[in-house]
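Residues in the sequence shown are numbered consecutively from 3, following the working numbering.
Built from N, CA and C at the ideal position, the CB exists for glycine as well.
See below for the structure under consideration.
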Amino acid sequence: MRAPAVQLHEITRRFGALTANDRVSCEIASGEIHALVGENGAGKSTLMHQLFGLLQPDSGEIRIDGRATRIADPAAAMALGFGMVHQHFMLVDTLTVAENVVLGREGAGAFGFFDRARAEREVAELGARYGLAVDPQARIARLSVGAQQRVEILKALARGARVLILDEPTAVLTPQEADELFVVLRALRAGGTSIVFITHKLTEVKALADRVTVMRAGRVVGSAPAEELSVEHIAEWMVGRVPAPLNERSSAAPGAPQIVCEQLDVRDDRGLPAIRGVSLSVRAGEIVGVAGVEGNGQHELLEAIAGLRPARAGRILIAGHVCTGGARAHRAAGLAHIPSDRLHRGLVPDFTLAENLMLGQQRGPRSGRGLWFGGSSMRAHALELLKAFDVRPVSPALQARRLSGGNQQKLIAARELSCAAQAILAAHPTRGVDLGAIDFLHRRLLAERDAGRAVLLISSELSELLALSDRIVVLYEGRIVHETTPAHTDERTLGLSMTGRSATGAHEALA
3 MRAPAVQLHE ITRRFGALTA NDRVSCEIAS GEIHALVGEN GAGKSTLMHQ
53 LFGLLQPDSG EIRIDGRATR IADPAAAMAL GFGMVHQHFM LVDTLTVAEN
103 VVLGREGAGA FGFFDRARAE REVAELGARY GLAVDPQARI ARLSVGAQQR
153 VEILKALARG ARVLILDEPT AVLTPQEADE LFVVLRALRA GGTSIVFITH
203 KLTEVKALAD RVTVMRAGRV VGSAPAEELS VEHIAEWMVG RVPAPLNERS
253 SAAPGAPQIV CEQLDVRDDR GLPAIRGVSL SVRAGEIVGV AGVEGNGQHE
303 LLEAIAGLRP ARAGRILIAG HVCTGGARAH RAAGLAHIPS DRLHRGLVPD
353 FTLAENLMLG QQRGPRSGRG LWFGGSSMRA HALELLKAFD VRPVSPALQA
403 RRLSGGNQQK LIAARELSCA AQAILAAHPT RGVDLGAIDF LHRRLLAERD
453 AGRAVLLISS ELSELLALSD RIVVLYEGRI VHETTPAHTD ERTLGLSMTG
503 RSATGAHEAL A
């Protein structure tokens with residue numbers, strides 16, 4: 003085994019009564035790709051935040067090249083050779099690639115001015131050296147998600163990172179972009195860089211990692227070379243069991259259309275066309291998946307259907323009702339909405355679980371009235387849903403912000419899937435969610451479909467679309483460019499369609 007670049011020894015970190023890391027020990031070798039996996043709330047991010055100086059351990063020791071080291075803050079971590087690429091990129095959209103890469107260490111050229119040409123040369127040379135080709139003069143706002151990720155990695159390498167921490171790096175990438183990222187990571191490993199790779203995608207762990215460490219409930223439950231572990235073995239470590247495969251699904255028996263878009267035109271926040279003449283329908287008893295690289299109109303489409311963004315032209319029908327009002331009118335027509343941003347669109351973090359479960363139904367009889375608002379009826383309703391959807395802990399009075407990401411997502415699903423809506427808009431329902439919660443949410447969506455609901459599923463996870471959808475449409479530059487079924491396509495073909503290209507025979511003409 004290679005010599006360890008980093009050793010984490012008996013790390014413990016508490017938040018009040020919660021022990022997020024319980025005597026965690028692991029080693030990261032020089033020049034290895036080390037996968038760190040586990041369910042939401044397992045303690046992975048807390049552990050890495052201590053390694054990057056964002057948090058301090060309550061006890062235990064971090065050793066760098068064998069020497070005990072206190073990492074006081076991110077600046078100290080970067081000085082020690084650590085770089086971290088967060089799941090949500092930390093880039094300034096209005097600046098260029100070169101400006102973002104040198105931000106915070108610009109230096110001064112002649113007469114104290116920023117030397118733009120030198121910065122652009124540095125970024126170009128760095129990109130060529132590591133296979134991270136990106137135009138130094140391009141503005142971040144105009145780059146694809148994959149290119150923005152390359153900029154984040156360049157930022158870390160420009161600061162001399164020799165240990166690179168990547169948090170869910172493929173969550174928003176197409177299969178082709180993920181393949182390109184893997185080529186870069188293998189090249190970095192060959193050059194001696196150590197990489198910590200946090201992911202929920204176990205096939206990626208097997209394809210990329212040299213070593214795997216699995217955490218559960220704040221503890222390390224196993225660590226071994228990746229070649230010695232099967233996907234099933236890793237999954238069992240993560241959740242304490244091997245998740246059963248989804249049962250063979252019955253064929254769809256679609257009924258009347260429940261979600262209809264007719265020649266829909268929608269503008270983005272800048273007033274530019276985002277959805278251009280889109281027509282689609284989702285019938286009762288079917289799941290229609292929407293695939294596309296982020297930034298090609300999915301966000302504006304789902305907001306228009308949810309009543310959160312006005313359409314410039316065309317119309318939307320929910321359960322046969324033409325919807326022209328806001329979100330309340332769309333909901334009253336029969337739409338449930340699992341939003342893509344759970345904290346800003348799906349929950350009020352400071353409200354209790356019981357209060358969050360009543361959102362959208364707060365005028366109903368279960369919520370109570372006046373002085374009796376939030377009484378025993380609301381608590382009983384919350385307890386029933388928390389148990390049915392396996393939200394942990396089962397504590398109606400707990401603030402929603404205290405839940406892990408996966409449990410927050412299940413809380414939203416509990417509210418939206420229990421309101422007997424005929425149409426369901428599910429946007430990235432398992433983004434950033436662990437293996438057990440993914441399995442649970444998939445089964446709930448299939449149950450809704452089998453109960454005769456219409457489900458429009460927007461997801462960046464192609465495997466999710468293929469597993470759940472009866473039909474799949476691909477959005478590119480605001481238009482539907484491809485329609486197919488899971489039986490007649492695969493991830494690679496869908497990935498090509500998402501970038502505006504097509505494989506031979508991949509595209510089917512739309513009527």
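Cβ distance (whole Å) where residue i is taken to contact residue j below 8 Å
| i | j | result |
| --- | --- | --- |
| V103 | V125 | 5 Å |
| L190 | V87 | The pair is not a contact, with the Cβ atoms about 12 Å apart (cut-off 8 Å). |
| G497 | Y478 | 12 Å between Cβ atoms; not a contact. |
| L464 | P177 | 7 Å |
| E134 | V186 | Just to set this straight, residue 134 is Leu in the shown sequence, not Glu. Confirmed, about 6 Å. |
| D24 | G220 | 4 Å |
Spatial distance of residue i from residue j (CA atoms)
| i | j | result |
| --- | --- | --- |
| Q401 | L349 | 10 Å |
| V153 | G257 | 47 Å |
| L373 | H332 | Only weak support is given to the placement of L373: the predicted model assigns it a pLDDT of 43, under 50, and the question is left unresolved by the model. |
| L304 | L427 | 8 Å |
| I488 | D452 | The residue you asked about is not Ile; residue 488 is Pro in the sequence shown. When rounded, the distance between both Cα atoms is 18 Å. |
| A422 | V396 | 23 Å |
| V214 | A226 | 6 Å |
| E234 | R218 | 16 Å |
| P398 | F353 | 10 Å |
| R65 | N42 | 26 Å |
| F84 | A70 | 16 Å |
| D436 | G327 | 36 Å |
| A390 | N358 | 16 Å |
| R417 | V241 | 25 Å |
| V483 | A429 | 20 Å |
| M380 | Q363 | 11 Å |
| A286 | R161 | 54 Å |
| I35 | L319 | 49 Å |
| E493 | T486 | 12 Å |
| M360 | H383 | 9 Å |
| A255 | E450 | 13 Å |
| A180 | H339 | 29 Å |
| S27 | K46 | 12 Å |
| I13 | A211 | 23 Å |
| L231 | V39 | 13 Å |
| R188 | C325 | 51 Å |
| T495 | A321 | 33 Å |
| I440 | A19 | 28 Å |
Residues of its chain near residue i, where Cβ-Cβ distance is below 6 Å and the 5 sequence neighbours each way are ignored
| i | result |
| --- | --- |
| I261 | V284, A425, A456 and L458 |
| A306 | V268 and A313 |
| H323 | A335 |
| D75 | G55 |
| L468 | P488 |
| R394 | N409 |
Terminal residues of the alpha helix (DSSP H) in which residue i lies
| i | result |
| --- | --- |
| M217 | Element bounds for M217: not the alpha helix (DSSP H) but the beta strand (DSSP E), R213 to R218. |
| T205 | L204 to L210 |
| F442 | L437 to D452 |
| S225 | Counting along the chain, S225 falls outside any alpha helix (DSSP H), though it belongs to the beta strand (DSSP E) covering R221 to P227. |
| S465 | L464 to L470 |
| R394 | No alpha helix (DSSP H) holds R394; DSSP gives it neither H nor E. |
| T494 | The amino acid at residue 494 is misidentified as Thr; the sequence shows Arg. Its alpha helix (DSSP H) spans residues E493 to M500. |
| A357 | First, the residue type needs correcting, since residue 357 is Glu and not Ala in the sequence shown. E357 -> alpha helix (DSSP H) spans L355 to L359. |
| T48 | K46 to L53 |
7 Å Cβ shell around residue i - same chain, five flanking residues per side excluded
| i | result |
| --- | --- |
| Q514 | The question about residue 514 has no answer, for the chain in this structure spans 3 to 513. |
| S514 | The displayed coordinates of the chain run from 3 to 513. Any statement about residue 514 would go beyond what the structure contains. |
| E302 | V268, D270, A276, I277 and R311 |
| M500 | T176, A293, G294, V295, V476 and Y478 |
Residue i, enclosing beta strand (DSSP E) - first and last residue
| i | result |
| --- | --- |
| H430 | Counting along the chain, H430 falls outside any beta strand (DSSP E), and DSSP gives it neither H nor E. |
| S406 | First-last for S406: undefined, no H or E at that position. |
| I13 | P6 to F17 |
| L337 | L337 to I340 |
| V198 | S196 to I200 |
| I482 | R481 to T486 |
| E29 | L20 to A31 |
| A237 | Premise fails: A237 lies in the alpha helix (DSSP H), V233 to V241, not in any beta strand (DSSP E). |
| L38 | I35 to G40 |
Close-in-space but distant-in-sequence residues of the same chain around residue i (CB under 8 Å, 5 per side omitted)
| i | result |
| --- | --- |
| A143 | D95 and T96 |
| L57 | R15, T48 and H51 |
| V8 | E29, I30, L53, I64, R65, I66, V165 and S196 |
| G438 | E41, M240, V241, P245 and G408 |
| F442 | F391, D392 and K412 |
Test: residue i CB closer than 7 Å to a CB of chain B
| i | result |
| --- | --- |
| A228 | Checking the listed chains, one finds no chain B in this structure; it contains a single protein chain. |
Within the region 286-320, ranges of the beta strand (DSSP E) (whole runs, at least 3 residues): 288-293 and 315-320
task: Enumerate, from N- to C-terminal direction, the unbroken beta strand (DSSP E) stretches of 3 or more residues contained entirely within the region 161-193.
output: 165-169
task: Could you name each continuous beta strand (DSSP E) segment of 3 residues or more that falls completely within the region 72-117, going from the start of the chain to the end?
output: 84-87
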